[in-house]
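Enquirer:
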Amino acid sequence: MLEATYTEAGFGRPVRRGHRPAVVVVDFSEGFTDPSFPTGADMSAEVEACAVLLASARERGFPRVFTTIAHDSPHDATTWWDKAPGLRTFMAGSRAVRLDERLGRRADEALVVKRGPSAFHGTDLAGRLTRDRADTVIVCGATTSGCVRATVVDAMQLGYPVLVPRECVADRARGPHEASLFDMNQKYADVVTLAETLAHLAGITAAD
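Note that the numbering used here has the sequence shown beginning at 14, numbered continuously upward.
(1) What does a CB cutoff of less than 6 Å around I151 pick up in its chain, not counting 5 residues either side in sequence?
(2) Residue range of the alpha helix (DSSP H) that L66 falls in?
(3) Just tell me which of T18, A17, G25 has its CA closest to the CA of Q199.
(4) Exposed or buried, E12, counting other C-beta atoms within 10 Å across all chains shown (16 or more means buried)?
(5) By the DSSP assignment, the alpha helix (DSSP H) with L124 in it spans what residues?
(6) Tell me whether the segment 124-142 and the segment 158-175 touch, counting them as touching only if at least three CB pairs, one residue from each stretch, are closer than 8 Å.
(7) Within its chain, find whatever has a CB closer than 6 Å to the CB of P27; leave out the 5 residues flanking it on each side and keep chain order.
(8) Where do the ends of the alpha helix (DSSP H) carrying P130 lie?
(9) State the Cα-Cα distance for the pair A192 and P178, rounded to the nearest angstrom.
(10) When DSSP labels each residue in this structure, what does L171 get in the three-state scheme?
(11) How would you label D113, buried or exposed, when you count the other beta carbons within 10 angstroms and need 16 or more for buried?
(12) Between the C-alpha atoms of A54 and R144, what's the straight-line distance to the nearest angstrom?
(13) Between T80 and V125, how many whole angstroms is the CB-CB distance? I'm expecting something under 8 Å.
(14) Ignore the nearest five residues each way along the sequence and tell me which others in R185's own chain have a CB closer than 6 Å to its CB.
(15) From I217 to H32, what distance separates their C-alpha atoms?
(16) Find the nearest neighbour of G188 within the set L214, G159, V205, A212, judged by alpha-carbon distance.
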């Protein structure tokens with residue numbers, strides 16, 4: 014019933030697929046992927062799925078960008094901290110901001126440091142994607158209902174077709190995760206499987 018309501022209203026159409034996708038891995042840092050942190054949860058399956066996607070993108074030479082939240086001072090005054098004080102653990106140089114090593118980030122892969130939910134707000138991510146001639150953005154990471162969603166919306170507003178491989182995004186609760194995937198798929202992105210994403214990357218290589 015819910016999906017029919019959106020379909021009848023003209024939502025949920027597929028986005029176009031480009032020929033030079035960039036993989037943006039949002040905040041798969043230890044502060045989110047390690048359950049010992051107050052903001053963390055067990056995201057092992059999603060991190061490992063993201064590593065598979067990254068391996069394919071590396072093999073084919075597609076751009077990869079990682080993001081992490083990091084603040085320089087414990088006195089940073091942000092509304093976000095007031096709303097979610099657990100984020101105060103994300104201090105520059107701390108373990109919370111360190112990327113999950115299972116992703117195997119390489120020296121030639123960009124790391125964008127951000128202070129808000131969107132990977133675009135107040136960062137040079139848009140410029141990096143332009144420089145790398147990206148025409149599609151594949152968004153992975155955490156959390157689905159927070160920083161992933163914010164990044165997806167901003168990427169769409171900048172004119173990028175966006176793909177979200179559902180196995181590669183994680184949240185600390187199932188309800189917000191599923192609701193956000195549904196909403197993004199209806200309005201802002203194509204929520205696809207990892208297998209579909211890998212096939213798309215392989216198909217671009219075969220076609221070029």
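Glycine residues also receive a C-beta, built at the ideal position from the N, C-alpha and C atoms.
Expert: The answer reads as follows:
(1) P34, V36, L176
(2) 57-73
(3) G25
(4) Residue coverage of the chain in this structure runs from 14 to 221, which leaves residue 12 outside it and unanswerable.
(5) No alpha helix (DSSP H) contains L124, which is instead part of the beta strand (DSSP E) from 123-127.
(6) yes
(7) D203
(8) Counting along the chain, P130 falls outside any alpha helix (DSSP H), and DSSP gives it neither H nor E.
(9) 15 Å
(10) coil
(11) buried
(12) 34 Å
(13) 5 Å
(14) A54
(15) 6 Å
(16) G159
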